[in-house]
Amino acid sequence: MTAPHSPRYDRAGETVGREFSVTMPEQPAFHEHLLDASDVCNSCHRVIRVERQDPTRGGITREYETHHERHRDHTVVDYGPAKTVGEQQGTFCDRCGTESPWDRYWDDHRTTVHEVATALGWLDDVDEPAVTPCQEREVSMAKFRELVQNTIRTLEHKGVTLDRQTLAREALRRRRDGEHVDDCLGEATEAAIRRAITRSGADQTDARREVPA
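Below, the structure is given as structure tokens:
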């Protein structure tokens with residue numbers, strides 16, 4: 627509904643920011659399945675678009691066409707501010723009120739990371755993300771725990787094998803140390819995946835030991 631470099635608004639007409647992470651190579655799973663995914667809301671980390679396969683007409687063999695549509699339990703079709711009347715209708719996250727998957731209503735203030743990204747010119751071609759702390763948009767510990775839970779659900783929904791306790795424990799530990807939300811969840815996701823792989827390998831070893839000769 628809006629151009630890439632125009633201001634972003636939620637259903638209530640409030641401006642929303644965009645977060646930009648510079649740690650993608652070290653956190654591939656979190657970036658691929660959540661942060662950079664077009665089917666996940668960046669504000670609450672819930673799935674907002676689902677993939678559908680419909681049979682196509684014609685041809686001898688049955689073929690299917692894949693497309694995405696809104697998640698009916700997590701989104702709502704509503705009206706919001708726009709340049710023209712025809713652009714006012716959109717699909718919004720029913721919990722956050724944001725339209726684009728990459729919009730965020732909360733602001734987790736970056737300091738060093740944002741300065742580095744700016745110095746390297748990584749933000750030259752994008753809208754300037756909000757970096758001034760705003761009390762109304764700060765991420766409380768209760769909000770962070772909700773993000774942790776939604777992150778786990780979304781990753782598992784996408785078929786990622788992980789250890790839930792490891793992800794939650796590591797994310798909360800890093801958050802208490804003052805790390806950015808994305809870094810907390812990204813590093814915790816990698817730790818949870820590694821833990822799941824280790825446990826799976828140990829279980830297979832134990833199973834082989836139990837097989838009688």
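Mind the numbering: the sequence shown is residues 627 to 839 in our numbering, read in order.
Glycine included, C-beta positions come from ideal geometry on N, C-alpha and C.
For clarity, every value in this text was computed on a predicted model and none was experimentally measured.
For the pair of segments examined, the segment 779-793 was found to touch the segment 653-671: the number of CB pairs separated by less than 8 Å reaches three. Judged by pairs of C-beta atoms under 8 Å, the segment 781-799 does not touch the segment 688-701, as fewer than three such pairs exist. Distance from R730 to N668 at the Cβ level is roughly 5 Å; contact confirmed, criterion being Cβ atoms closer than 8 Å.
R672 and V666 have their C-alpha atoms spaced approximately 6 Å apart. A Cβ-Cβ distance of about 4 Å is found for the pair R821 and T792, placing them in contact under the 8 Å criterion. Distance from the CA of Q715 to the CA of Y705, rounded to the nearest whole angstrom, comes to 4 Å. Spatial neighbours of A814 in its own chain (CB-CB distance under 6 Å, excluding positions within 5 residues in sequence) are listed in chain order as L793, E796 and A797.
Taken atom to atom, the span from the alpha-carbon of D803 to that of C810 is near 10 Å. Annotated three-state conformation of V786 is coil, per DSSP.
In terms of Cβ geometry, L773 and A818 do not form a close pair [threshold 9 Å]. Around the beta-carbon of T701, 16 or more other beta-carbon atoms lie within 10 Å, marking it buried. Its chain contains R637, V702, D704 and E725 as the residues whose beta carbon lies nearer than 6 Å to that of F718, once the 5 sequence neighbours on both sides are disregarded; these appear in chain order. The straight-line gap separating the alpha-carbon atoms of R696 and P727 is approximately 11 Å.
Rounded to whole angstroms, the Cβ separation of Q653 and E816 is 6 Å, and the two are in contact under 8 Å. For Q715, the uninterrupted beta strand (DSSP E) run begins and ends at Q715 to C719, by DSSP.
DSSP places V702 in the uninterrupted beta strand (DSSP E) bounded by T701 to Y705. Taken through DSSP and simplified to helix, strand or coil, E772 comes out as helix.
The DSSP-derived three-state label of R675 is strand. E695 carries a strand assignment under DSSP once its states are collapsed to helix, strand and coil. Annotation for R763: W732 and D733 place their beta carbon closer than 6 Å to its own, counting only its chain and skipping 5 residues before and after.
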